[in-house]
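The sequence shown begins at 1 in the UniProt record's numbering and counts up by one.
Glycine included, each C-beta is placed from N, C-alpha and C at the ideal position.
All values derive from a computational prediction rather than experimental measurement.
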Amino acid sequence: MFQLRLARPCQAKRDSFIRTSVCMFHVYIIRSIPHPNRIYIGFSSVDLPTRLERHNAGSTPATARHRPWDLAWHCTFPDERKAMAFEAYLKSGSGRAFLHKRLI
Numbered sequence: 001m002f003q004l005r006l007a008r009p010c011q012a013k014r015d016s017f018i019r020t021s022v023c024m025f026h027v028y029i030i031r032s033i034p035h036p037n038r039i040y041i042g043f044s045s046v047d048l049p050t051r052l053e054r055h056n057a058g059s060t061p062a063t064a065r066h067r068p069w070d071l072a073w074h075c076t077f078p079d080e081r082k083a084m085a086f087e088a089y090l091k092s093g094s095g096r097a098f099l100h101k102r103l104i
């Protein structure tokens, strides 16, 4: 499994006198260990190790039947709309062709 060092989502950050929040949005692909041809494409603002634990604990109905899962690929975006758009693309026909050819 990957070692990830990610910022906590939406934590406050101080830059000089300006206070901003750091929100990272993740698009990820997990692969079922007992069924390697089964993948799940997801989006989350929670850090990926915690999100993977939730998938493996069975708290996500869509992935509970095929656990345990392992992280196959991920990408982090600072913009939520871009992350959601990329997740939607990966779930489309051409996006699935792209991910099978280029990502996993």
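Counting only the Cα atoms, A83 lies some 21 Å from D70.
Between I104 and I30 a beta carbon distance of about 10 Å is seen, past the 8 Å cut, so the two are scored as non-contacting.
Taking 4 residues as the shortest admissible run, the UniProt domain "GIY-YIG" (23-104) contains the following complete alpha helix (DSSP H) segments, listed from N- to C-terminal end: 48-57, 80-91 and 93-98.
When the beta-carbon positions are compared, G58 and R51 stay at least 9 Å from each other.
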